[in-house]
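Residue numbers (my numbering): 46 to 226. A quick write-up on the structure given underneath.
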Ligand code: IMP
């Protein structure tokens, strides 16, 4: 295990297995609907790549980049679009593919944005959920599919970063506090 990791929370194998299960559920949900999977960059990238291969129905993909974090381990409270979709979503079944839902701010923002864009449906699958961290004004913000509920710890790996580092770890681990304190 890497020296900056306190504990491995989810091994590569555990991630793979759960992503296969999610893929089967999403295949049933979206059969014949040609969903548009929208990867929320950058953290959602490894999850998107693994998940789309487990969905056995025709689909297309697109990317959005948003930022709410800056370089801290706490949300800044504001969301900024860094990259928007490259196609209209009118009449499409949109599925956001997210790394983690924390305060719920990003997800709430994405839903509000889609309200004005006439999609046929908008749903979310996220690999990780930290329900204990949901801010009071986003209590009701809940992804439609969750890979794993995790405790209130700052985690890295499988796309998740601290100051742009550690995204390439093949597992999800708790970052040692001394790295950011
Ligand atoms: P939210 O808007 O507060 O729900 O935060 C969503 C974003 O914050 C995620 O997409 C991540 O990029 C980042 N984030 C939240 N918790 C963690 C964590 O434990 N490790 C790394 N990034 C995190």
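Ideal Cβ positions, reconstructed from N, Cα and C, are used throughout, including at glycine.
Under 9 Å between C-beta atoms of residue i and residue j
i	j	result
residue 47	residue 214	yes
residue 195	residue 175	yes
residue 202	residue 216	yes
residue 171	residue 146	yes
residue 101	residue 148	no
residue 77	residue 142	no
residue 36	residue 80	The structure shown does not extend to residue 36, since the chain spans only 46 to 226, so no value can be given for it.
residue 131	residue 160	no
residue 144	residue 173	yes
residue 128	residue 155	no
residue 225	residue 138	no
residue 190	residue 70	yes
Integer Cβ distance of residue i from residue j, believed to fall under 8 Å
i	j	result
residue 140	residue 67	That pair is no contact at about 11 Å.
residue 64	residue 192	7 Å
residue 219	residue 54	6 Å
residue 153	residue 200	Not a contact, Cβ separation roughly 21 Å.
residue 183	residue 158	Residue 183 to residue 158, Cβ: 15 Å. No contact.
Three-state secondary structure (DSSP) of residue i
i	result
residue 225	helix
residue 57	helix
residue 81	strand
residue 195	coil
residue 218	strand
residue 135	coil
residue 211	coil
residue 189	coil
residue 68	helix
residue 279	Nothing in the structure corresponds to residue 279, since the chain is present only between 46 and 226.
residue 160	helix
residue 52	strand
residue 130	coil
residue 47	coil
residue 74	helix
State whether the region 204-222 contacts the region 177-187, with contact taken as three or more CB pairs (one from each stretch) at a distance under 8 Å. no
Within the region 83-112, ranges of the beta strand (DSSP E) (whole runs, at least 3 residues): 105-112
Contact between the region 120-129 and the region 159-171 (3+ Cβ pairs under 8 Å): no
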